[in-house]
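Q: Sending over a structure as structure tokens; questions will come in a sec.
Residue numbers (UniProt numbering): 1 to 389.
Next up, the structure:
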């Protein structure tokens, strides 16, 4: 028998059966472990009959990209000092840190440098090598879409067809859209906004976008297939006319369906009655409607000795038909008379002048002398003349 403490085991090796005494003894547990192991003392509690110290491999449960690091396990330790350490490698440009062999079960750093390789890019892409600087953990060569850095303008497209998938840089460029058109069509680049990746130039038939309206005509210039704009447009008739005062730009011959400018300068007009005249003051030559109107003839502001002659205000004149006329022009007065214009105050509508006999009031020794009253004068020239012999 033997009563042993922790760290010892019951050693009955001397009890061969031939002895006459109890030769059971307590012997210290021991173990000589190698690097990467530790001494497991858990089974040496004094109750065992054999050496309970055993050498156990250090271990750890590691993930991908790690390995079981036993560097702290010198063989003399009594606990599991295995640990998980990330695999690593010091790589140069053109390589990446390849951890594919680091599954978590290995016991050494199997990180390695692997050359970046062609990722297999498609047409319209290029091999972007900027991330293959030796610090990444995956293939730093990636496929990148060509043209993302281009700023193309209207009528252009991003020519990415130059990127075959095998180039090491973005070789795309801005290219002008094209179209080969025949007569009756124009080169339409409206779909070429600068953001597309294909040539969207197309041939579009020359035509007005919508029917022209009354007062317009379909303006057609050269449409031989070499133009880049739709040369058929709706234009206002008479746009090139220079009409004079008293006229207007007449578009009545332009129903909207014609192909020629049939605008013309037409004199303004109005149908007026007696007492009015055809007023063309609104017809400056720039209007597009007949703005002739009837305006009542008005007092021209006559002076004394004149009357308002309304005979020309018959509705056919183009100016105020009321004019100032001198009174007495139609009178035929005889000797001894004068033309009396005093009734013509300037406000009468007729010549109210008259032939009036000259007068004189004389005293004794004088006689009424009408020799100056020839009939042509407009004042009473009767006078008193002294009698003589």
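Just so it is clear, CB atoms sit at the ideal spot from N, CA and C, and this is done for glycine as well. Small disclaimer: the values here were computed from a predicted structure and weren't measured.
Is residue 364 helix, strand or coil by DSSP?
A: Locating residue 364 in the chain shown gives position 364, where the first residue counts as 1. Correct three-state label for residue 364: coil.
Q: Take residue 39 and list the residues in its own chain whose beta-carbon comes closer than 6 Å to its own, dropping the five residues that flank it on each side.
A: On the chain shown, residue 39 is found 39 positions in, with the first residue counted as 1. Cβ within range, chain order: 31, 33, 53, 78.
Q: Using 8 Å as the threshold, is the segment 370–387 in touch with the segment 322–342, meaning 3 or more CB pairs across them?
A: Yes, the segment 370–387 touches the segment 322–342.
Q: Are residue 10 and residue 41 touching if we call contact CB-CB under 9 Å?
A: Position 10 of the chain shown, counting from 1, holds the residue named residue 10. Position 41 of the chain shown, counting from 1, holds the residue named residue 41. No, Cβ-Cβ distance for residue 10 and residue 41 is not below 9 Å.
Q: Taking the alpha-carbon of residue 221 as reference, which of 210, 212, 211, 235 has the nearest alpha-carbon?
A: Within the chain shown, residue 221 is the residue found at index 221, counting from 1. That would be 235, whose Cα lies nearest to the Cα of residue 221.
Q: If you count every other CB in all the chains shown that lies within 10 Å of the CB of residue 168, and 16 or more means buried, which is it?
A: Here residue 168 is taken as the residue at index 168 of the chain shown, counted from 1. Residue 168 should be labelled exposed.
Q: From this set, 253, 312, 299, 274, which residue's C-alpha is nearest residue 289's C-alpha?
A: Position 289 of the chain shown, counting from 1, holds the residue named residue 289. Minimum Cα distance to residue 289 is reached at 253.
Q: Is residue 171 helix, strand or coil when you go by DSSP?
A: Within the chain shown, residue 171 is the residue found at index 171, counting from 1. Looking at residue 171 - three-state DSSP - the assignment turns out to be coil, as it is neither helix nor strand.
Q: Pick helix, strand or coil for residue 161, following the three-state DSSP scheme.
A: Position 161 of the chain shown, counted from the first residue, corresponds to residue 161. Helix at residue 161.
Q: Could you check what DSSP says for residue 352 in three-state terms: helix, strand or coil?
A: Here residue 352 corresponds to residue number 352 of the chain shown, with the count starting at 1. The answer is coil: DSSP assigns residue 352 none of H, G, I, E or B.
Q: For residue 199 and residue 180, I'd like the C-alpha separation in whole angstroms.
A: Walking along the chain shown from the start, residue 199 turns up at place 199. Walking along the chain shown from the start, residue 180 turns up at place 180. In a straight line, the C-alpha of residue 199 is about 12 Å away from that of residue 180.
Q: Which of the three DSSP states, helix, strand or coil, is assigned to residue 51?
A: On the chain shown, residue 51 is found 51 positions in, with the first residue counted as 1. Residue 51: coil per DSSP, three-state reduction.
Q: For the beta strand (DSSP E) holding residue 267, just list the boundary residues, first then last.
A: Numbered from its first residue, the chain shown carries residue 267 at position 267. Element bounds for residue 267: 264–267.
Q: Count the other CB atoms within 10 Å of the CB of residue 282; is the residue buried (16 or more) or exposed (fewer)?
A: Here residue 282 refers to the residue found at position 282 of the chain shown. Residue 282 is exposed by the Cβ-count criterion.
Q: What residue from 172, 68, 97, 133 has the CA that sits closest to residue 103's CA?
A: Stepping through the chain shown from its first residue, residue 103 is reached at position 103. The residue with the shortest Cα to Cα distance from residue 103 is 68.
Q: Taking the beta strand (DSSP E) that residue 392 falls in, what are its first and last residues?
A: The structure shown does not extend to residue 392, since the chain spans only 1 to 389, so no value can be given for it.
Q: So residue 308 is in the beta strand (DSSP E); what residue range does that whole segment cover?
A: Stepping through the chain shown from its first residue, residue 308 is reached at position 308. Unbroken beta strand (DSSP E) run through residue 308: 306–309.
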